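S.K.: Sequence lines, in order, name chains X and C.
Heads up, the first sequence is in my numbering, so the first residue is 1 and it goes up one at a time.
Heads up, the second sequence is in my numbering, so the first residue is 1001 and it goes up one at a time.
Glycine is no exception: its CB is placed at the ideal position from the N, C-alpha and C atoms.
Here the structure is a predicted model, which means the values were calculated and not measured.
Below you will find the structure I want to go over with you.
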Amino acid sequence: MKVARLKILLLFAVLSSLVLMQPGCHSPTDSLDEYFADIRIIDSPDSGNVTAYIVLNLSAYPSEPEGLAHYTEHLVWQNVFGGESSDAVLHSNAWTNVRTSGYWLSGPREKLPELLKDLSGVFDPLVVAAEFADGERDILVREYERRLLDNTDGQAIVDMNRFLYEGNAIAASVIGTPDSINALTYGDAASLQQATHTPDNAFLVIVGDVGEKEVLQAIETAEIPPLQTDEVHEISPLRFQLAQAESAVFDFDVAAAEARIVLRKVVALEQPVDFDTLEVQTRLLREVLISSLPGGLAGPLRFDAFVARSFNVNVFPLDEQHIELWFEATPDSGVTLNELQAAFEATLADSMKGIPASTFERIRKRSESDWPDWDDESETSRWMARYVIQKTSSLREPLSSQKLQGLQEGLSLDALNRLLKSFQRDGRKAVALIQDTDGEG
Amino acid sequence: MTRTVCMALLLLMLSACDSGKLQVHEGVSDTGLAYSLVEMPGNKRVTIQVAWPSNWAFDQAGNKAVPYIASRLLLAGGTQEFPPSVVEERFADIKSEGFLMPTVEHVYGTLHYSPEHQDETLRIVNAHLQSPTLDEKWLERIRDEFSGQMNEARPKAVSKGFEAMRWAVFGSQPVREFLSLDVPDMIDEVTREDVEKWVESTIRRNGAIIAVAGDLDVKQAGLIVDSLFDGVPDGKVGKSGSVKADFSPRRIVMHDPEAEVSTLSFIGKVPPAREGGEFEDLVLSRALGGGNDSVLFEAVRTELRASYGYAAGFQGFTADNRFLMLSGQVETGKVAEAENVIRQAYARFREEGPDGDLQQLRKPFEESVNESLKDTGRMAMTAVVARIDQMPLTKILGLQDELKAVTEQSLRQRLSESFPDADEFIVVVSSPDEDALPGACVITNPEQAVDCR
C-alpha cells in the first residue's frame, strides 16, 4: 500500500530553535498505510477549519454509458448527505471527471472524526429511494440544460473531444446527453458504486491544521476499518492512445452568433517527457504564443494586422507523450473564419522556425509568478492544497514543493522549440466554426 | 450589480483582525486631490482605486453605449508613446493591471502594481488618462466585439426575461437603456467624437473619489495620486442623476416559443447598503440561496425536483435601488408549482429566520474577512465605497466587530423590516410555455412589461 511521503510544513524562525523546513505534504506514518490506497495531508496552519476529500479512481471502468459516473456521484451524495449529516459539516460538495469522482466535507478542525465518519459513507452500499433515483435523472437533465443547452461553445468542445480523443476514456462526455441520462438505471449506478467506491480504490486528502497523529486518531474514532485485502488497486494515470491522423470540421450555424473559430490539434511527441516537466513547458509555450513578442501570435494576428480581434491559446499535455494545442479566436471585421484560420496557421508556422532567446527569457521571468511565494506559509498552503487536489483528481502523484521549484530551473529554449515543432507532425485536428451563416454575424 | 459587489467586498474587507497593523488615513495631495489611504504594512502590492461620479446613464440625450466602448478604448487603444502591444507586454512583465468599468453612477478605475514598478506603471497609465490615442481602428474593433457579444446574447430567452424586468422597473427612462443597450445600432453608432466627449467629461480631477492601499504612508500615497493625475484636466462635476424605480409586485411571462428552458426570477426592493445591515444580508442570502445546504436549494431541487440549482443574492441597479433576487432555471412543466414553493419557502424563511448555529452561519464571512485584509484591491475599493456612502473611513477597522454583532435577533429584525414580503416581488419567467404562470401578464416582447400591472 502506497502512502504519500510528501511533506509540507512551513515554520517561521521565531526563535533559533525554529527552522524553515522543506515545504511539502505531511508524510503519514506507517499506521496510516493501513487505510485507503493513498493519503495526503496538507498543512494549513491559518485555518480553524479542516477539509477532507475522498477521491475515487474510475479509470479501470468504462466511461460508457455517458453520464453514469456523474449519476452515481449524485446518488452517493444523497445516500451520504441527503439525510441528517452531522453538525460538524459546514460545507460540502462533490465532482466527477473522466478519471475520478470526489467528495469533500469541511468543518471545524476538532470535528475531523465526525467529518470522516460522514464522508466514509461513500463506501456504503447505495440505498436510495427509487423515486429519488428516478427524479435525480431529471436533475441531471436540468444540469445538462444549464451547462450545455444554448451553449454552442460547450457543445463544440464535447463534439471535438469525441473526435480528438477517440478510443480514450477522456473522449466521453461526463455529463452525457439527455438521451443517455434518461437511459441510466439505478442498477447501473449501484454496480458502479460497488465496484469503485472502496477504500483501497480511494485517496484521502486532508487540508487543515492537522498532523499525521490527529488524522490517524480521527480515522480510528470514525471507525473506518483498515484495509482487509492484500490486493492493491494499481492506480495510475490514464495513458493516451492517439487514433489515426485525421482532420474534422464541425460547423455550427447559430442565429445571431458572433463568428468564432476553435482549432485544436493533438500530436504525439517523438520521445516521452516527464509529465510534470511537460506541464511546465507547455504552460510556458502557451505564454510565448499568446504574446506579441517575436515568436508569439499576437503581433501578426492582433497588433501588426487586424485579423483576430481577440484570441486565446492553450497548450497542455494529455500524458507523457501527447500534447494538445488549442486556439480560439474571433475575427476582425471583414475577415472570414477561413481567412483567420489560414492566418493563424501561417503565423504558427513562422513561430515554429524558432522562438528567439530574448522572448524565451522574458516569458520565463514572467512565469515566476505562476508559483506561490514559497516563503509565505499561508499562500503556499493554499496553493499546495489546490495543486494536490488537482493532481489527485487526475490520478497523478503530487510533487514536493522542493521538486516543484526544481521544475522551473529545468526549462530550456530548445525544449520549447522542440515542443512547438511537434505540432508539425501528423495528428488529429478538429476545427469548429461557429457563425450565423444566414445573417450578417 | 457593481454596487452589490462593492458592498459585498466592503463587508468582506472591512475588518481588523490585527487592528494594530491596518490603519486608515485621509489626505490631500500637494496638488489638492483628496484621497484615502489604507495603510497595509508588509503588503507587496499597491492598489489605486478611483471612482468618477457619472451621470451619463441618466442623461436623456446621448448614446448610452458610449461609456462601455470608451472605457475599453481608452486603455486598449494606446498612446503615442505607448502603443497597445508595448503596453500589454510591459504590463505583463511587471505584473501591473489596469481596468476601467462604467456603472450607472460611477466609472471605476483600478490599478494594481508592485512598488518596485511604481514609477513606470504610473507613467504609462497617466499617459493613457492624459492623451489616449483613441485609435479609429481600435474603436471599430471594440465596437464590433461588444456589438457581436450583445447581439448574440440578446435573443436568448433568459436575456429577454431580464430585459422585461428592467422595463417593468424603469420603463423608458435612460437608465434602462444604459443597462440593457437595446436601442438598435446604438453600439455601432458610437463615434470617436462620442468617446472624446466621454473622456473629457469623465476622466477629470474634480469630483474623483480616490483611495490607495498598500505599504505606504500618507505622503507617499499623495505623491502617487499626483503622479497618476498629472496633467488630467480639472473638468466639471455634473449634476447627479436620479431615476424613479417601480418595484410594485407583478407576475410576467416573457413568452418565447423558441426557448428551450424556463428561467424563473423574483426581485424585491431592499434598503440601500449605506443604511446598514449588510452583514445580516450576507448571512441571510447565503442561508436562503447560497449553496447546496440553502433553503431554496432544498425547496426547489431536493423537494420539488424542478431545478439543478436555485439561488439568492443582492444586486443594485443604483445605490438607492438595491434588490434581492431569487433566480434559476426551472423545468418548464413545474414553473407554476415552483413559484408557489419558492414563495412559501421564502415566507417561512422570513418568518422564522435561518436554521443552524449562528457561529457556523458567520464562519464563512469571518474567513473571507481575514483574506480580504491582505488584499490591496479589496481594501482600496472598500475605502472608495465608504467615501461614496459618506461613512467614516474608520469603519473599515471595525467590521469584524460588526460581523460579531450579527445575532439571531438582528437577523430576524432584518428579515422582518428590510426583506420584501413574499407577495411583494416582481416575478418574471422566460419560457416557451405562455401558460407557465397562470393568471400572469403574458408578453412576447420585453418592452410590453411596462403595461403589466
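So within the segment 1191 to 1227 of chain C, which uninterrupted beta strand (DSSP E) runs reach at least 3 residues, ignoring any that extend past its ends?
M.R.: DSSP runs (the beta strand (DSSP E)) wholly in the segment 1191 to 1227 of chain C: 1209 to 1214.
S.K.: Please go through the segment 1265 to 1345 of chain C and give each complete alpha helix (DSSP H) segment of 4 or more residues, from N-terminal end onward.
M.R.: Entirely contained in the segment 1265 to 1345 of chain C, the alpha helix (DSSP H) runs reaching 4 residues are, in chain order, 1278 to 1289.
S.K.: Which one or two residues does DSSP pair with N1126/C in a beta bridge?
M.R.: Within the second sequence, the letter at position 126 stands for residue 1126/C. DSSP output for N1126/C lists no bridge partner at all.
S.K.: For A257/X and chain C, any beta-carbon pair shorter than 7 Å?
M.R.: Locating residue 257/X in the first sequence gives position 257, where the first residue counts as 1. So yes, A257/X belongs to the interface.
S.K.: Relative to the C-alpha of S1410/C, which candidate in D1281/C, G1328/C and E1200/C has its C-alpha closest?
M.R.: For this step, residue 1410/C is matched to residue 410 along the second sequence. The shortest C-alpha separation from S1410/C is found at D1281/C.
S.K.: In chain order, what residues of the same chain lie with their CB nearer than 6 Å to the CB of Q1049/C, ignoring the 5 residues before and after it?
M.R.: Counting from one through the second sequence, the residue named residue 1049/C turns up at place 49. So the list reads T1110, A1211, A1380, M1381 and V1384, once near-sequence residues are dropped.
S.K.: Over what stretch of residues does the beta strand (DSSP E) that includes M1186/C continue unbroken?
M.R.: Taking the first residue of the second sequence as position 1, residue 1186/C is located at position 186. Neither: M1186/C is in no beta strand (DSSP E) and is coded neither H nor E.
S.K.: Please confirm whether I139/X has its beta-carbon closer than 7 Å to some beta-carbon of chain C.
M.R.: Residue mapping note: residue 139/X aligns to position 139 of the first sequence, counting from 1. Output row for I139/X: interface = yes.
S.K.: Going by DSSP in three states, G1098/C sits in which element: helix, strand or coil?
M.R.: Numbered from 1 along the second sequence, position 98 holds the residue referred to as residue 1098/C. Here G1098/C sits in strand by DSSP.
S.K.: R99/X by DSSP, collapsed to three states: which one?
M.R.: As a position in the first sequence, residue 99/X is number 99, starting the count at 1. DSSP places R99/X in coil when its eight states are reduced to three.
S.K.: Between P23/X and chain C, is the shortest Cβ-Cβ distance under 7 Å, so that the two count as touching?
M.R.: Within the first sequence, residue 23/X is the residue found at index 23, counting from 1. Note on P23/X: pLDDT 38, under 50, position unreliable in the model; the coordinate value appears next. It does not: the Cβ of P23/X has no partner Cβ on chain C nearer than 7 Å.
S.K.: Under a three-way DSSP split, which group does M1013/C fall into?
M.R.: Along the second sequence, one-based indexing puts residue 1013/C at 13. Low confidence applies here, because M1013/C scores a pLDDT of 41, under 50, leaving its location unreliable; read the following figure in that light. Residue state, collapsed to three classes: helix.
S.K.: Any Cβ of chain X within less than 7 Å of the Cβ of N1043/C?
M.R.: Here the question's residue 1043/C lines up with position 43 in the second sequence. No, N1043/C does not count as interfacial toward chain X.
S.K.: With DSSP collapsed to three states, give me the class of I157/X.
M.R.: Here residue 157/X refers to the residue found at position 157 when the first sequence is read from its first residue. Three-state DSSP puts I157/X in a helix.
S.K.: Residues of chain X with CB closer than 8 Å to the CB of P1155/C, please, in chain order.
M.R.: Numbered from its first residue, the second sequence carries residue 1155/C at position 155. Chain X residues near P1155/C: A255 and A256.
S.K.: Does any C-beta atom of chain C lie closer than 7 Å to the C-beta of F303/X?
M.R.: Counted from its first residue, the first sequence places residue 303/X at position 303. Interface residue, yes.
S.K.: Along the chain, where does the alpha helix (DSSP H) that runs through S31/X open and close?
M.R.: Looking up residue 31/X in the first sequence gives position 31. Careful: S31/X lies outside any alpha helix (DSSP H) and carries neither H nor E.
S.K.: My guess is that R1204/C and W1052/C are in contact by the Cβ rule of under 8 Å, so how many angstroms apart are they, rounded?
M.R.: Position 204 of the second sequence, counting from 1, holds the residue named residue 1204/C. Position 52 of the second sequence, counting from 1, holds the residue named residue 1052/C. That belief holds up - the Cβ atoms of R1204/C and W1052/C are roughly 7 Å apart, short of 8 Å.
S.K.: Mind checking E1352/C: buried by the 16 CB within 10 Å criterion, or exposed?
M.R.: In the second sequence, counting from the first residue as 1, residue 1352/C sits at position 352. That one is exposed.
S.K.: Would you mind working out which of R362/X, L238/X, V307/X and G334/X sits nearest H322/X, comparing C-alpha positions?
M.R.: The residue given as residue 322/X occupies position 322 in the first sequence. Cα-wise, what sits closest to H322/X is L238/X.
S.K.: If contact is defined by three or more beta carbon pairs under 8 Å, each pair taking one atom from either stretch, is the segment 1417 to 1429 of chain C in contact with the segment 1294 to 1307 of chain C?
M.R.: At 8 Å Cβ cutoff, the stretches do not touch.
S.K.: Quick one: is R142/X near chain C, going by C-beta distance under 7 Å?
M.R.: The residue labelled residue 142/X in the question sits at position 142 within the first sequence. At least one chain C Cβ lies under 7 Å of R142/X.
S.K.: For V431/X, count neighbouring C-beta atoms within 10 Å of its own C-beta (all shown protein chains included) and say buried if the count is 16 or more, exposed if not.
M.R.: Within the first sequence, the letter at position 431 stands for residue 431/X. That one is buried.
S.K.: Report back the beta-carbon spacing between G102/X and V55/X to the nearest angstrom; my notes put them in contact at under 8 Å.
M.R.: Taking the first residue of the first sequence as 1, we reach residue 102/X at position 102. Taking the first residue of the first sequence as 1, we reach residue 55/X at position 55. Confirmed, Cβ separation roughly 4 Å.
S.K.: With a threshold of 16 other CB atoms inside 10 Å of the CB of E1081/C, please say whether the residue is buried or exposed.
M.R.: Walking along the second sequence from the start, residue 1081/C turns up at place 81. By the 10 Å Cβ count, E1081/C comes out exposed.
S.K.: Tell me which residues share the same chain as G1042/C and place their Cβ nearer than 7 Å to its Cβ, disregarding the 5 neighbours each side in the sequence.
M.R.: For the purposes of this step, residue 1042/C is identified with residue 42 of the second sequence, where counting begins at 1. Around G1042/C: D1215.
S.K.: Quick one: grab the DSSP three-state call for Y165/X.
M.R.: As a working mapping, residue 165/X is identified with position 165 in the first sequence. In this structure, Y165/X counts as coil in the three-state DSSP scheme.
S.K.: Residues in its own chain within less than 7 Å of A1164/C by CB, not counting five upstream and five downstream?
M.R.: The sequence position of residue 1164/C within the second sequence is 164, counting from 1. Contacts found: I1252, M1254, V1428, I1443, P1446 and A1449.
S.K.: Who are the neighbours of L149/X on chain C, taking C-beta pairs under 8 Å?
M.R.: On the first sequence, position 149 is the one that residue 149/X refers to. In chain order: E1260 and V1261.
S.K.: Nearest CA to the CA of S369/X: which residue from F303/X, V280/X, F327/X and S422/X?
M.R.: The sequence position of residue 369/X within the first sequence is 369, counting from 1. Cα-wise, what sits closest to S369/X is V280/X.
S.K.: For the beta strand (DSSP E) that G1454/C lies in, which residues bound it at each end?
M.R.: Because chain C here runs from 1001 to 1453, residue 1454/C falls outside it and cannot be looked at.
S.K.: Could you check if F1099/C is buried or exposed, using at least 16 other CB atoms within 10 Å of its CB as the buried criterion?
M.R.: For the purposes of this step, residue 1099/C is taken as residue 99 along the second sequence, with counting starting at 1. Exposed, by the Cβ-count rule.
S.K.: Are the Cβ atoms of S1147/C and D1194/C separated by less than 7 Å?
M.R.: Residue numbering aside, residue 1147/C sits at position 147 when the second sequence is read from its first letter. Residue numbering aside, residue 1194/C sits at position 194 when the second sequence is read from its first letter. No, these two residues do not count as a Cβ contact at 7 Å.
S.K.: Using the C-alpha atoms, what's the distance from S44/X back to V98/X?
M.R.: On the first sequence, residue 98/X is found 98 positions in, with the first residue counted as 1. On the first sequence, residue 44/X is found 44 positions in, with the first residue counted as 1. Looking at the two C-alpha atoms, the distance is approximately 29 Å.
S.K.: Measuring CB atoms only, is the segment 59 to 68 of chain X touching the segment 181 to 190 of chain X, in the sense that at least three cross pairs come out at less than 8 Å?
M.R.: Yes, the segment 59 to 68 of chain X is in contact with the segment 181 to 190 of chain X.
S.K.: Is there a C-beta anywhere in chain C that falls below 7 Å from the one on S59/X?
M.R.: As a position in the first sequence, residue 59/X is number 59, starting the count at 1. Not closer than 7 Å to any Cβ of chain C, the Cβ of S59/X fails to qualify, so no.
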